[in-house]
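Residue numbers (our numbering), protein chains in the order written: chain Z, 1 to 340; chain W, 1001 to 1320.
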Amino acid sequence: MSALLEVEDLRVEFRTQDGIVRAVDGVSCSVDVGKTLAIVGGAGSGKTVASMALLGLTPGPCAHISGRVAFEGRDLLGLAGHELRSIRGEEIAMVVQDRSSSLHPFYKVGDQLIEAIVTHRQVSRAAARDRTIDLLELLGIPEPHHRVDQYPDELSPSMRQRTTIAMALANEPQLLVADDPTSGLDLTVQAEILELLKRVRERLGMAIIFVCRDLAVAAEIADDICVVYAGRIVERAPTELILESPQHPYTWALFKSAPQLGAPRDEELAPNPGRPPSLIHRPSGCLFHPRCPYVRDEHRRVDPALQPVAGQDGHEVACLLEPEARTRTWQELKAGARAR
Amino acid sequence: MTRYVIRRVLWVIVLLFGVISVTFVIFYLFPSGDPAVLRAGPHPTPQLLATIRHKLGLNKAWYVQYFDYLKALILHFDFGFSYQSHIAVRTQIFNRLPATISLAVGAAVLSLITAITIGTIAALRRRSPLGCLATGGAVVAISAPVFWVGMISLYLFATDIGKLAILPGAGSYVPLTHNPGKWFASLIMPWCVLAAGFAAASARLMRSSLIETLGKGYVSTARAKGISERRVIVRHALRVAIAPVVTAAGLGIGVLLAAAILTETAFNIPGIGRLTYDSIQAGDLPTIQGTVLLGACLVVVAKLVVDVVYALIDPRARSR
Chain Z
1 MSALLEVEDL RVEFRTQDGI VRAVDGVSCS VDVGKTLAIV GGAGSGKTVA
51 SMALLGLTPG PCAHISGRVA FEGRDLLGLA GHELRSIRGE EIAMVVQDRS
101 SSLHPFYKVG DQLIEAIVTH RQVSRAAARD RTIDLLELLG IPEPHHRVDQ
151 YPDELSPSMR QRTTIAMALA NEPQLLVADD PTSGLDLTVQ AEILELLKRV
201 RERLGMAIIF VCRDLAVAAE IADDICVVYA GRIVERAPTE LILESPQHPY
251 TWALFKSAPQ LGAPRDEELA PNPGRPPSLI HRPSGCLFHP RCPYVRDEHR
301 RVDPALQPVA GQDGHEVACL LEPEARTRTW QELKAGARAR
Chain W
1001 MTRYVIRRVL WVIVLLFGVI SVTFVIFYLF PSGDPAVLRA GPHPTPQLLA
1051 TIRHKLGLNK AWYVQYFDYL KALILHFDFG FSYQSHIAVR TQIFNRLPAT
1101 ISLAVGAAVL SLITAITIGT IAALRRRSPL GCLATGGAVV AISAPVFWVG
1151 MISLYLFATD IGKLAILPGA GSYVPLTHNP GKWFASLIMP WCVLAAGFAA
1201 ASARLMRSSL IETLGKGYVS TARAKGISER RVIVRHALRV AIAPVVTAAG
1251 LGIGVLLAAA ILTETAFNIP GIGRLTYDSI QAGDLPTIQG TVLLGACLVV
1301 VAKLVVDVVY ALIDPRARSR
């Protein structure tokens, strides 16, 4: 498989009055044609900023983006405005994070989809409207002929999210960047949206960058998972490997803080203690050390790099603990959870 | 949309009826002085007072007075006669209305246009010198009282007393029908003075509203569609950001009318504001009553206009 999108050393900095906020601090990853990469992290991990920066969409006038984002050989960060715009919505589409405001409240749903189509295609409004109705139908929206003339406020949260996805798919992009498309939806709807994404992915042969905060949700859809913390990738692996033997204490914490299906009912969730670090005054050494229960003295000085995990193809982790210690601790954590 | 407008108009009628009744209560049941004494002039005799009471119907029961008042007002738009000049209040108001309408509507349009332009520039160029200048200038304009700005601008620019005599000064107002060119020239300074504070407040609101809107998901969605930045700003962001500015402008019409009194006084424009000011000085109740009612009507009608404009901007308002 050839890489569709290759990100090298992506950095996003915000120059604020208090100092430089390094929201994304040297992220490298790649997505192959038709594959799905999940970026998983907690609040303030930089996952949203990173996903928006891919398309040059970083909010605020004080953002500074550097690195290389190669899409089919073209460096997106070096493109002029109009070249970038011809890619946005046509070859790479995006579903933005804020589900409640992702659709414009003042325009009819249909008009918003039609705008997405006619921006890139030389078609009549009538043809664009027909295509819009087909898209809404494809995404399982009932009565698309009727819905097309409604305002977003008249739709249910589930339908609004489907419409947002429909708009992103309007021009059959090769890559969809979906920023937490299932957050805030109830579990049934969440499952429906995931199924839907899988279906259109098959149908269009589209690659997806799926950003979310829940490892279990990411595992449902992704081929590979990157776990990010404080603007850096701390662990990266194919989905099966990360489910089977997660290596980083932060990944463990993500697993343990989310409810698991099949776990005993009285099992208590272990929220991740501490707070995300300041991105201006970053901790010394390993960025996770202030919250890590396994911290040792040297971890406060040495900054770990991503290293391959021995014997696991494609698995990388940035952790200073010895591999044996990591495996042992995870086995204990798993056993402990089961025993309780 | 039609149903929405009809609903608003019906509501305006109810509101106007309420305003008329409240004005009656204020001026007839709780008079600030005996109307007969005010009407009679200096050194009245008891017989004269009794005659006046009889003529004005002051000795009738309050509900009869209220009914007479409603009938005169609604059927004939009749407020009675001025105590001072013995001219019908209606005539006085109609003579002076064009000046005030010219002043207030011109200032409202000028201030909205400047506010939206400056607010947008300040929001889009937040860190540039131009943006800072716009924000700083707005603070100065909000803080300066209208009468002070009026006098300073007369002192600076008026042809008679100004240091830089380029614009017609106080007392130069000419009706539009007489001479449109002179009408326009004479109103340039009053428009700017009256619009300044209002524009500054709206510009600040516009700036914060647009900054907030630019952070919304649908603005990112619009950019992600690949449409031009100009279209993102104009079609997707500005339309939302303007809505609160329009609402505030509607609520601010009353403030604008109050400021118009000061502006008309400073520039000696023979409008409703001057009429109100003079009749308050003279205790001329029928005229005060007429101007108060007119002011209330203008505010109510302005609110109607704003509600309709708002519904054109935000489709969600139509169903409410």
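We put the CB at the ideal spot given by N, CA and C, even for glycine.
Query                                                                                                                           : Result
First and last residue of the uninterrupted alpha helix (DSSP H) at W/A1282                                                     : I1272 to A1282
Cβ shell of W/F1267 (< 6 Å), same chain only, five flanking positions each side left out                                        : A1170 and P1190
Nearest to Z/D214 (by Cα), restricted to the options Z/Q190, Z/E195 and Z/R199                                                  : Z/Q190
Residue ranges of each beta strand (DSSP E) within the stretch 1058-1118 of chain W, 3 or longer                                : none
Exposed unless 16 or more other CB atoms sit within 10 angstroms - verdict on W/K1055                                           : exposed
Beta strand (DSSP E) segment containing Z/F14, residue limits                                                                   : A3 to T16
DSSP bridge partner residues for Z/V211 (one or two, in chain order)                                                            : Z/I39 and Z/D179
Within chain W, partners of Z/T327 - CB distance below 8 Å                                                                      : Under the 8 Å cutoff, chain W gives no residues; its nearest Cβ is about 42 Å from Z/T327.
Sequence ranges, alpha helix (DSSP H) only - wholly within the stretch 95-156 of chain Z, length at least 4                     : 109-120, 125-138 and 144-147
Min CB distance Z/T119 to chain W below 8 Å                                                                                     : yes
Any chain B beta carbon closer than 8 Å to Z/H64                                                                                : The structure shown has no chain B; the protein chains it does contain are Z and W.
Per-residue burial, W/Y1083 [other beta carbons within 10 Å of its own, 16 or more giving buried]                               : buried
Z/G78 versus Z/I209: straight-line alpha-carbon distance, rounded                                                               : 21 Å
Close-in-space but distant-in-sequence residues of the same chain around W/G1254 (CB under 7 Å, 5 per side omitted)             : V1299
Contact test: Z/I114 Cβ vs the ligand SAH heavy atom, cutoff 7 Å                                                                : Judged by which ligands are present, the structure shown has none, so any question about the ligand SAH falls away.
Segment limits, alpha helix (DSSP H) that includes W/P1035                                                                      : P1035 to A1040
Rounded separation between W/I1227 and Z/Y229 - CA only                                                                         : 33 Å
Amino acids of chain W, ordered along the chain, whose beta-carbon sits closer than 7 Å to that of Z/V109                       : Chain W residues near Z/V109: none, gap ~12 Å exceeds 7 Å.
Rounded separation between Z/F14 and W/L1275 - CA only                                                                          : 58 Å
W/D1307 at chain Z interface by Cβ criterion, 8 Å                                                                               : no
Identified DSSP bridge partners for Z/D75                                                                                       : Z/A70
Element boundaries [alpha helix (DSSP H), containing W/A1138]                                                                   : P1129 to S1143
Same chain, Cβ closer than 7 Å to W/L1251, neighbours up to 5 away in sequence not counted                                      : none
Contact the stretch 1228-1238 of chain W vs the stretch 1066-1083 of chain W: 3+ CB pairs below 8 Å                             : no
Own chain residues within Cβ distance below 8 Å of W/L1304, not counting five before or after                                   : R1008, V1009 and V1012
Residue nearest to W/R1207 in terms of C-alpha spacing, selected from W/T1091, W/I1026 and W/A1123                              : W/A1123
Rounded separation between W/A1323 and W/E1264 - CA only                                                                        : Because residue 1323 of chain W is not part of the residues shown, which for chain W are 1001 to 1320, the question remains open.
Check whether W/L1103 and W/L1187 have beta carbons under 8 Å apart                                                             : yes
W/A1199 and W/A1248 closer than 8 Å at C-beta                                                                                   : no
Contact set between the stretch 1221-1252 of chain W and chain Z, restricted to residues whose Cβ is under 8 Å from the partner : T1221, A1222, R1223, A1224, K1225, G1226, I1227, S1228, E1229, H1236, R1239 and V1240
Start-end ranges of the alpha helix (DSSP H) lying completely within the stretch 1213-1289 of chain W, minimum 4 residues       : 1217-1224, 1239-1267 and 1272-1282
Contact with chain Z by W/Y1218, beta-carbon distance below 8 Å                                                                 : yes
Beta-carbon proximity check, Z/R99 vs Z/Q161, cutoff 8 Å                                                                        : yes
Whole-angstrom distance between Z/E324 and Z/A310, CA atom to CA atom                                                           : 11 Å
Against chain Z: residues of the stretch 1290-1320 of chain W by CB proximity under 8 Å                                         : I1313, D1314, P1315 and R1316
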